[in-house]
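*Asks:* Sharing a structure with you now.
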Amino acid sequence: MALSAAVDTSFLLSAAAGRQSSKSGARPRPEKQASSFSPSFLRGVAPRFAGLSSALILRFPPNFVRQLSTKARRNCSNIGVAQIVAASWSNSSAAFEAPRSAASAVAAEDATLVSGGASQSTPVESPFPLTGEAKASTAVAKVAASLNSDGSLAVHAGERFGLGITTDAITTPVVNTSAYWFNNSDELIDFKEKRHASFEYGRYGNPTTQALEEKMSALERAESTLFVSSGMYASVAMLLALVPAGGHIVTTTDCYRKTRIFIQNELPKMGISVTIIDPADIESLKGALDQNNVTLFFTESPTNPFLRCVDIELVSQLCHDKGALVCVDGTFASPVNQKALTLGGDLVLHSATKFIAGHNDVLGGCISGSEELVSKIRQYHHVIGGVLNPVAGDLNTTKNFVDSLNIPYLAPSFGGCESIVDQPAIMSYWDLSGSERAAKYGIKDNLVRFSVGIEDFEDLKADIIQALDKI
């Protein structure tokens with residue numbers, strides 16, 4: 002199931018970004034009623050293998066890793082191979098429940114059906130419950146109540162419980178249209194007054210994109226999600242929609258460089274001032290909050306490229322006490338490993354180009370949070386658009402190491418099935434002098450970012466060793 006989980010997320014993102022394959026011309030229709038019958042695992046019955054421990058990997062066939070790698074390369078992203086599998090193992094610390102015989106399983110299922118669907122089993126508690134600051138929409142809450150792992154949510158959320166498209170297809174159709182029609186003026190008026198569910202124009206929404214947004218909301222435990230054309234656009238739209246002219250934001254030194262350039266060069270033109278702090282410097286955050294009327298604290302966690310983690314719960318409490326919002330860029334973690342909203346964050350942002358898509362073939366970004374905040378960003382989006390480890394050595398020594406690697410691609414980005422390597426001093430900061438790179442941003446000439454893909458570990462190890470031997 003872990004493999005299928007990633008297939009759905011990656012396919013929907015590709016579909017929402019490209020919309021190139023649909024020829025049906027089918028008109029989107031309101032959500033149809035779900036069938037009264039549902040299998041036991043959708044009625045709250047605890048998964049029979051929820052107590053899986055990581056030690057159980059020894060039960061896999063000897064060639065499992067190679068088979069998984071091959072199938073994953075064809076069908077899914079890193080999020081399915083590594084993160085969802087790992088999350089499934091850690092969902093519960095309960096002892097492993099041995100599989101029941103086929104006869105006992107059938108008998109139990111029959112008993113459940115005879116009793117009218119009421120199960121006496123206790124559902125496994127989700128590792129990320131709907132508590133704290135995070136709030137979920139009714140649809141998301143329904144999904145979260147019946148599914149107990151991110152793997153299941155990645156497969157079924159936004160799709161299993163009803164689509165905005167009338168179809169019996171298991172997979173979500175790609176709706177390839179820029180506009181939607183109405184039967185008559187009364188139906189159009191009903192749509193405008195929210196009595197009729199449909200779409201109007203491609204920039205305002207699309208059924209395929211909507212399914213992806215609902216899936217991400219379920220994974221992030223959010224009320225609402227907006228998918229846009231790129232992670233960078235998501236950052237820009239969020240900042241311009243929520244920070245007023247004359248406002249003040251706080252951000253961190255560790256940051257995607259293009260985001261920093263926008264914050265430092267473009268926001269001041271709109272009268273927005275900025276305080277930049279170290280990700281771990283809580284005292285500087287307190288000082289900035291005391292000395293300025295801060296609208297927003299925006300941070301990555303883990304950060305790019307040093308992978309430093311911010312205490313989201315603590316900074317959220319400090320910011321909320323001063324009336325400031327908190328937005329966390331969780332691109333490096335993905336919603337499988339970190340759910341910033343449940344820790345107190347107001348918004349979580351992703352460059353979906355990375356782990357969420359997972360194949361280095363799609364650009365996308367998303368923002369999740371409360372309906373109130375996301376709707377403000379969505380309104381801005383409707384107007385503007387934008388639809389869908391260190392190595393010892395100097396610059397040349399590090400270049401020789403990178404160039405001697407045979408398996409990883411020398412490229413920007415990360416989170417795909419293929420390993421990717423880059424030297425940030427060249428890839429992202431080449432327009433600055435070496436001293437300025439190091440002094441201002443901590444980017445030294447010998448820093449290498451290696452995004453490990455799903456290739457065999459021994460192959461990667463041998464490749465790295467041979468490259469090190471050449472420097």
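Residues 2 to 472 in this note's numbering are what the sequence shown lists, from first letter to last. Where is the CB? At the ideal position from N, CA and C, for every residue including glycine.
#1: How far does the alpha helix (DSSP H) with PHE192 in it reach, from first residue to last?
#2: Counting C-beta neighbours from all protein chains within 10 Å, is the total for HIS383 16 or more, i.e. buried, or is it exposed?
#3: Rounding to the nearest angstrom, what Cα-Cα distance links LEU342 and ASP470 in this structure?
#4: Please classify THR300: does DSSP put it in a helix, a strand, or coil?
#5: Taking the beta strand (DSSP E) that PHE228 falls in, what are its first and last residues?
#6: Below 8 Å on the Cβ atoms is my guess for LEU297 versus LEU243; work out the distance and round it to an integer in Å.
#7: Could you pull the DSSP bridge partners for ARG438 from this structure?
#8: In the DSSP assignment, what residue or residues form a beta bridge with ARG450?
#9: Taking the alpha helix (DSSP H) that LEU315 falls in, what are its first and last residues?
#10: Name the residue from THR210, PHE192, LEU154, ASN184 whose alpha carbon lies nearest to the alpha carbon of VAL176.
#11: So, are the CB atoms of GLY331 and HIS351 less than 7 Å apart?
#12: For SER352, write down the residues that DSSP places opposite it in a beta bridge.
#13: Name, in chain order, the residues that DSSP records as bridge partners for TYR181.
#14: For SER225, count the other beta carbons within 10 Å of its own beta carbon; 16 or more makes it buried, fewer makes it exposed. Which is it?
#15: Do you know how far the Cα of VAL449 is from the Cα of GLN467?
#16: Nearest-angstrom Cα distance between GLY366 and ALA334?
#17: For a test of the three-state rule: what should DSSP assign to ALA468, helix, strand or coil?
#18: Using a 10 Å radius around the Cβ and a threshold of 16 neighbouring Cβ atoms, would you call GLY386 buried or exposed?
#19: Out of THR252, ALA155, LYS259, SER218, which one is the CA nearest neighbour of TYR234?
*Replies:* Reading off the structure:
#1: What you label residue 192 is simply residue 191 of the sequence shown in a count that begins at 1. For PHE192, the enclosing alpha helix (DSSP H) starts and ends at 186-193.
#2: As a working note, residue 383 is residue 382 in the sequence shown. By the 10 Å Cβ count, HIS383 comes out exposed.
#3: On the sequence shown, residue 342 is found 341 positions in, with the first residue counted as 1. On the sequence shown, residue 470 is found 469 positions in, with the first residue counted as 1. Per the coordinates, the alpha-carbon of LEU342 lies some 45 Å from the alpha-carbon of ASP470.
#4: Numbered from 1 along the sequence shown, position 299 holds the residue referred to as residue 300. THR300: strand per DSSP, three-state reduction.
#5: In the sequence shown, counting from the first residue as 1, residue 228 sits at position 227. Annotation for PHE228: the continuous beta strand (DSSP E) segment containing it runs 225-229.
#6: As a first step, residue 297 is located in the sequence shown; it is residue number 296 there, counting from the start. As a first step, residue 243 is located in the sequence shown; it is residue number 242 there, counting from the start. Rounded to whole angstroms, the Cβ separation of LEU297 and LEU243 is 6 Å, and the two are in contact under 8 Å.
#7: As a working mapping, residue 438 is identified with position 437 in the sequence shown. Answer by DSSP bridge pairing: none, since ARG438 is not bridged.
#8: Along the sequence shown, read from residue 1 onward, the residue named residue 450 stands at position 449. Looking at the DSSP assignment, ARG450 forms a beta bridge with ASP423.
#9: By 1-based counting over the sequence shown, the position of residue 315 is 314. Residues 313-322.
#10: Locating residue 176 in the sequence shown gives position 175, counting from the first residue. The option with the nearest alpha carbon to VAL176 is THR210.
#11: Start at 1 with the first residue of the sequence shown, and residue 331 comes out as number 330. Start at 1 with the first residue of the sequence shown, and residue 351 comes out as number 350. Yes, the pair counts as a contact, with Cβ atoms nearer than the cut-off.
#12: Working through the sequence shown from its first residue, we reach residue 352 at position 351. The partner list for SER352 (beta bridge, DSSP) reads GLY366.
#13: Start at 1 with the first residue of the sequence shown, and residue 181 comes out as number 180. Looking at the DSSP output, TYR181 bridges to nothing.
#14: Within the sequence shown, residue 225 is the residue found at index 224, counting from 1. It counts as buried.
#15: Counting from one through the sequence shown, the residue named residue 467 turns up at place 466. Counting from one through the sequence shown, the residue named residue 449 turns up at place 448. Going by the C-alpha atoms only, they are around 16 Å apart.
#16: Looking up residue 366 in the sequence shown gives position 365. Looking up residue 334 in the sequence shown gives position 333. Roughly 14 Å separates the two Cα atoms.
#17: The residue given as residue 468 occupies position 467 in the sequence shown. In this structure, ALA468 counts as helix in the three-state DSSP scheme.
#18: For this step, residue 386 is matched to residue 385 along the sequence shown. That one is exposed.
#19: Position 233 of the sequence shown holds residue 234. Ranking THR252, ALA155, LYS259, SER218 by Cα distance to TYR234 puts LYS259 first.
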